[in-house]
Amino acid sequence: MSTNSGFANEAPRLPSKNEMEFLALLKKITIQETIDHDIIEQDTSDQALVGQSDSTQIADNQFPSSTQSEIATTVKTLLLQIGENPNREGLKKTPDRYAKALLDLTKGYKSSVEDVVNGAIFNVDTKDIVIVSDIDVSSLCEHHMLPFFGKVHIGYIPNGRVIGLSKLLRIVDIFARRLQVQERLTKQIAEAIEEVLSPLGVAVILECKHMCMMMRGVEKTGSLTSTKWMSGLLKDDLNEQRNFHTLLDRIGFLDSIAENVKRGMPHI
1 MSTNSGFANE APRLPSKNEM EFLALLKKIT IQETIDHDII EQDTSDQALV
51 GQSDSTQIAD NQFPSSTQSE IATTVKTLLL QIGENPNREG LKKTPDRYAK
101 ALLDLTKGYK SSVEDVVNGA IFNVDTKDIV IVSDIDVSSL CEHHMLPFFG
151 KVHIGYIPNG RVIGLSKLLR IVDIFARRLQ VQERLTKQIA EAIEEVLSPL
201 GVAVILECKH MCMMMRGVEK TGSLTSTKWM SGLLKDDLNE QRNFHTLLDR
251 IGFLDSIAEN VKRGMPHI
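So this is what it looks like as structure tokens:
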């Protein structure tokens with residue numbers, strides 16, 4: 001007795017028009033749900049970062065960083081995209097050189113204030129202001145990744161403790177060796193000193209030239225941007241403010257005399 005129902009010989013049934021429309025709608029809904037889920041996750045992540053300083057947040061979260069060879073590969077692609085030949089003689093090693101330079105210019109992401117201070121804090125019984133001026137600084141503008149450079153002037157009024165002078169320069173480098181804006185860099189240097197010493201007052205002044213304004217855009221080669229951050233007595237006490245600026249001007253005047261003497265020029 002045969003048990004064959006005849007189904008094996010029938011052609012497979014194609015879905016009807018209504019079924020096709022339903023499947024398409026279901027697929028569309030699934031895709032939209034996935035997109036919505038990703039957006040919600042991104043919004044939640046963004047909310048968690050509200051109020052945090054950009055470059056500090058990046059350093060604290062330690063997003064995965066690329067190796068030098070990975071960056072070099074990306075640079076080679078960029079050279080191709082601007083119409084260059086990365087294999088020509090002058091550019092063969094450029095991707096590796098640029099990758100190495102970029103990692104050096106952004107090494108502040110892997111540094112911390114605690115590590116560079118390394119216990120170099122000393123007890124004192126003076127409240128006389130400490131000033132370190134004309135500190136060379138260079139960084140990369142986060143908007144165009146072009147350099148800005150200039151001088152930093154730091155002053156603080158001790159509250160029983162001082163820090164090794166070279167450590168102030170290292171603190172500057174921690175935050176300068178990141179993608180930055182000058183205003184935030186000024187604030188971060190001051191806040192780091194506050195965190196380490198809890199001084200009676202802090203003042204930080206930056207004077208920089210920005211290549212993004214000199215080489216592109218407005219192309220004003222003589223422009224100089226000044227920013228400052230003051231706290232404690234150096235913000236609230238006018239006498240302490242005047243003392244800081246007077247000493248800073250005096251240091252600058254003495255430096256100019258020394259430079260003139262060095263050049264054999266007359267001075268007043």
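Numbering (full-length UniProt numbering), first residue to last: 1 to 268.
C-beta: ideal position from N, C-alpha, C; glycine also.
* Enumerate in chain order the residues of its own chain whose CB-to-CB distance from residue 165 is below 7 Å, with the five nearest sequence positions on each side excluded. => For the purposes of this step, residue 165 is taken as the residue at position 165 of the sequence shown. So the list reads 132, once near-sequence residues are dropped.
* Asked: Thinking just about the alpha-carbon of each residue, which of 209, 228, 187 is nearest to the one in residue 270?
  -> Residue 270 cannot be examined here, being either before or after the span of the chain that is shown, 1 to 268.
* Note down, in chain order, each residue of its chain lying with its Cβ closer than 6 Å to the Cβ of residue 294, except the 5 sequence neighbours on either side. => Since the displayed the chain opens at 1 and closes at 268, residue 294 lies outside it and no answer follows.
* Where the alpha helix (DSSP H) containing residue 134 begins and where it ends -> In the sequence shown, residue 134 corresponds to position 134, counting from 1. Here residue 134 belongs to no alpha helix (DSSP H); instead the beta strand (DSSP E) covers 130-141.
* Range covered by the alpha helix (DSSP H) that runs through residue 98 -> By 1-based counting over the sequence shown, the position of residue 98 is 98. Segment 94-105, the alpha helix (DSSP H) holding residue 98.
* Asked: What are the partner residues of residue 147, as DSSP defines its beta bridges?
  -> In the sequence shown, residue 147 corresponds to position 147, counting from 1. Note: residue 147 sits in a beta bridge opposite 140.
* Which class does residue 252 belong to by DSSP, given the choice of helix, strand or coil? -> For this step, residue 252 is matched to residue 252 along the sequence shown. Note: residue 252 maps to helix in three-state DSSP.
* Asked: In angstroms, rounded to a whole number, what distance separates the CA positions of residue 90 and residue 69?
  -> For the purposes of this step, residue 90 is taken as the residue at position 90 of the sequence shown. For the purposes of this step, residue 69 is taken as the residue at position 69 of the sequence shown. Taking the straight line from one Cα to the other gives about 19 Å.
* In whole angstroms, what separates the C-alpha of residue 122 from that of residue 83? -> For this step, residue 122 is matched to residue 122 along the sequence shown. For this step, residue 83 is matched to residue 83 along the sequence shown. The alpha-carbon atoms of residue 122 and residue 83 are separated by roughly 57 Å.
* Give me the Cβ distance between residue 181 and residue 142, rounded to the nearest whole Å; I'm assuming they're in contact under 8 Å. => Sequence index remark: in the sequence shown, residue 181 carries index 181 (1-based). Sequence index remark: in the sequence shown, residue 142 carries index 142 (1-based). About 6 Å; that satisfies the 8 Å criterion.
* Which same chain residues, not among the five before or five after residue 229, have their C-beta less than 6 Å away from its C-beta? -> As a working note, residue 229 is residue 229 in the sequence shown. Within the same chain, residue 229 has close Cβ partners 186, 187, 190, 204.
* Asked: Can you tell me whether DSSP reads residue 87 as helix, strand or coil?
  -> In the sequence shown, counting from the first residue as 1, residue 87 sits at position 87. Looking at residue 87 - three-state DSSP - the assignment turns out to be coil, as it is neither helix nor strand.
* Asked: Buried or exposed: where does residue 151 fall if 16 or more other Cβ atoms within 10 Å of its Cβ makes it buried?
  -> By one-based count along the sequence shown, residue 151 stands at place 151. Exposed: under 16 other Cβ atoms inside 10 Å.
* Mind checking who residue 225 pairs with in its DSSP beta bridge? => Your numbering for residue 225 matches position 225 in the sequence shown. Paired residue(s): 208.
* contact_flag[the region 243-251, the region 190-199] where n(CB pairs < 8 Å) is 3 or more -> no
* Can you name, in chain order, every residue of its own chain whose Cβ lies under 6 Å from the Cβ of residue 252, other than the five neighbours on each side? -> Here residue 252 is taken as the residue at index 252 of the sequence shown, counted from 1. Taken in chain order, the list of residues that qualify is empty.
* Check whether the Cβ atoms of residue 113 and residue 196 lie closer than 8 Å to each other. => Counting from 1 along the sequence shown, the entry for residue 113 is found at position 113. Counting from 1 along the sequence shown, the entry for residue 196 is found at position 196. Cβ distance < 8 Å, so residue 113 and residue 196 count as in contact.
* Beta-carbon separation of residue 117 and residue 167 under 8 Å? -> Position 117 of the sequence shown, counting from 1, holds the residue named residue 117. Position 167 of the sequence shown, counting from 1, holds the residue named residue 167. Cβ atoms of residue 117 and residue 167: closer than 8 Å.
* Asked: Going by the CB atoms, is the gap between residue 154 and residue 135 shorter than 8 Å?
  -> Mapped onto the sequence shown, residue 135 falls at position 135. Mapped onto the sequence shown, residue 154 falls at position 154. Contact: yes.
* To do: Sort 138, 93, 156 by Cα distance to residue 108 and report the nearest one.
  => Looking up residue 108 in the sequence shown gives position 108. Ranking 138, 93, 156 by Cα distance to residue 108 puts 138 first.
* Asked: Closest to residue 146 by CA distance: which of 119, 206, 214, 157 is it?
  -> As a first step, residue 146 is located in the sequence shown; it is residue number 146 there, counting from the start. Of the listed residues, the one whose Cα sits closest to residue 146 is 214.
* In terms of residue numbering, what span does the alpha helix (DSSP H) encompassing residue 184 cover? -> By one-based count along the sequence shown, residue 184 stands at place 184. Run containing residue 184: 182-197, per the alpha helix (DSSP H) assignment.
* Take the Cβ of residue 250 as the centre, count every other Cβ of all protein chains shown within 10 Å, and call the residue buried at 16 or more, exposed below. => Taking the first residue of the sequence shown as position 1, residue 250 is located at position 250. When all chains shown are included, residue 250 counts as exposed.
* To do: Report the partner residues of residue 123 according to the DSSP bridge assignment.
  => Here residue 123 refers to the residue found at position 123 of the sequence shown. Answer is 161.
* To do: On a CA-only basis, which of 221, 206, 102 is nearest residue 140? Give me that one, please.
  => Start at 1 with the first residue of the sequence shown, and residue 140 comes out as number 140. Considering only alpha carbons, the answer is 102.
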